[in-house]
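First the structure, in the form of structure tokens, and then the observations on it.
Residue numbers (the working numbering): 3 to 566.
Structure follows, in structure tokens:
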């Protein structure tokens, strides 16, 4: 079993800490740390301490041969802070100083919590060379009184002497059900250095070592300091649990957390974390910040407890970095596939089948408290119907919902042309409004494309020229349906976008040739067209000619029947 001993304490620096193959408890403390869990059921913290460990602060100070110097320690120069699981204060000081041998003139302050289940009188003891004290503070910060072996009642166990190793005790009355703060001060002037501490009372079985008793809980956070001056900031840690059922906590900072094998519990804590549970059935909590969750095919049955909480931005602003994010694009073709999968049993498990071209999950994902409508292109990277469709511009592909009138689209015939307006309407996705799905590659598109039934796509080839005397023509998406690669998919509702240019143009959506919006007398039955007409009456006057001849529905069917 590996812990943060005096030779590998958690410090304020950037560390690489590797555990054993057993059940380990490790933390990195401040700094940008790399922690490797390897085998075993480990407890790994990026910054905060693990249960049973102690927060330490080390100081250099010119102690004298006098008694009673434990409360002078912080008058010295603080040399380090972090977490340890032992009281080898000389080894700890050497590790921090980078020295060997018997260190002199140093002090260490250890702090943790003391959990009392059964109230009563507890006897605490230290054996030290030179001096030491124990203080206990209640939840309000008030010190507990000790009846000391040396005589008198003080706010601390008094073993504060310049001495060879000497053991002294003090008795304190502690209340049931209270969590106290416990602090051990140790100082050394010259000669040998020794420290041990025990507790005896209603919650113990005889006398128990304060390093191993179950009464010691979680130490304070890494920002804790007896002087009130924080020693550093919580770092951006990288933690790999490896094999075993691990508990991994990133704490503060922007951490990268890997569960590895088996069933892990992972908490990102504060910061923008990247969390990959690995294989096994993992429970993952992002905590504060905009977290990235990773799920690989075959990773098991994972539960994300707080997806979509703490987002710093809106879920419809096109920015995938200002919200929690889980890339589901390898597993689903459209966002409606995702929503249907979630709606049927509350779990993402591809229970409705694996779409052509998608990867099998090989597991499941439970998003606690998340409804289907909470899932968007921004947070799962699966394109919505029309929203999320990438349109070629002079700045590269841009999602249709983020096009603005100051942008220029790539056209087939006239280079870059300015966008005059983009309007959208949400309509029932049934009957004549049911979206048409154009599978990847069906019309040269490099990703699945979803359009309205009346939206026209470019078709071309020698058959088109032979039948209609024109090599390139436009056909409505509805007339192109074949029940296989191009098909209708009714949904509850759908948002359609209209892009208006100065004239009807051939533009590129997901790499496929299609049309910009065409204003004519027939289109004015559409609310969006009426809005555009009111905004741009001049365009209606020049909009009477389409960029290519338009096939009627029966003509399109005849063309493709011949091609078959």
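C-beta: ideal position from N, C-alpha, C; glycine also. What you are looking at is a predicted structure, and each value in this text was computed from that prediction instead of being measured.
Which word fits residue i, buried or exposed, when buried means at least 16 other C-beta atoms lie within 10 angstroms of its C-beta?
i	result
residue 54	buried
residue 428	exposed
residue 69	exposed
residue 142	exposed
residue 492	exposed
residue 211	exposed
residue 434	exposed
residue 3	Note on residue 3: pLDDT 42, under 50, position unreliable in the model; no value is reported.
residue 467	exposed
residue 246	buried
What residue range is occupied by the uninterrupted alpha helix (DSSP H) comprising residue i?
i	result
residue 382	379-382
residue 161	No alpha helix (DSSP H) contains residue 161, which is instead part of the beta strand (DSSP E) from 159-161.
residue 94	91-99
Pick out whichever of the options has its Cα sitting closest to the Cα of residue i.
i	options	result
residue 192	66, 370, 461	66
residue 107	133, 118, 119	133
residue 84	563, 96, 224	224
residue 464	457, 181, 564, 287	564
residue 249	443, 52, 519, 466	52
residue 144	257, 157, 557, 152	157
residue 380	416, 411, 75, 310	310
residue 512	251, 189, 398, 475	398
residue 507	475, 146, 484, 485	475
residue 500	150, 391, 126	391
residue 559	492, 461, 509, 491	461
residue 24	187, 41, 353	41
residue 253	290, 228, 282	290
residue 477	471, 414, 485, 557	557
residue 367	405, 294, 283, 325	283
residue 202	221, 171, 180, 188	171
residue 444	485, 411, 466, 413	485
residue 504	419, 562, 466	419
residue 469	73, 551, 243	551
residue 374	342, 76, 18	342
residue 472	502, 424, 442, 549	549
residue 294	268, 314, 328	328
State the start and end residues of the unbroken beta strand (DSSP E) segment that holds residue i.
i	result
residue 461	458-462
residue 344	Segment 337-347 is the alpha helix (DSSP H) holding residue 344; no beta strand (DSSP E) there.
residue 109	108-118
residue 193	From DSSP, residue 193 is part of no beta strand (DSSP E); its letter is neither H nor E.
residue 25	Taken as a continuous stretch (DSSP letters only), residue 25 belongs to no beta strand (DSSP E), as it is neither H nor E.
residue 126	122-131
residue 453	451-453
residue 410	410-412
residue 211	209-211
residue 314	Note, residue 314: premise wrong, no beta strand (DSSP E); not H, not E.
residue 477	474-478
residue 517	514-517
residue 304	302-306
residue 498	495-502
Quick check: residue i and residue j, are their CB atoms within less than 8 Å of each other?
i	j	result
residue 176	residue 219	no
residue 111	residue 185	yes
residue 139	residue 173	no
residue 431	residue 494	yes
residue 113	residue 56	yes
residue 402	residue 330	no
residue 128	residue 199	yes
residue 270	residue 257	yes
residue 426	residue 497	yes
residue 92	residue 216	no
residue 59	residue 276	no
residue 307	residue 285	yes
residue 264	residue 181	no
residue 370	residue 510	no
residue 167	residue 131	yes
residue 103	residue 61	no
residue 63	residue 78	yes
residue 266	residue 38	no
Leaving out five residues on either side along the sequence, give the residues of the same chain with a beta carbon under 8 Å from the beta carbon of residue i.
i	result
residue 440	447, 450, 451, 452, 453, 459, 479, 482, 487, 488, 514
residue 365	297, 299, 300, 301, 302, 303, 304, 351
residue 361	299, 332, 333
residue 490	436, 437, 438, 439, 455, 480, 483
Can we count residue i as close to the ligand PLP, meaning its CB is less than 7 Å from some heavy atom?
i	result
residue 100	No copy of the ligand PLP occurs in the structure displayed, which carries no ligand at all.
Could you pull out every residue in the same chain whose Cβ sits closer than 6 Å to the Cβ of residue i, ignoring the five residues on either side in sequence?
i	result
residue 409	395, 421
residue 204	120, 122
residue 316	none
residue 554	none
Less than 8 Å between CB atoms is the rule here; does residue i satisfy it with respect to chain C?
i	result
residue 220	Any reference to chain C falls outside this structure, which holds one protein chain only.
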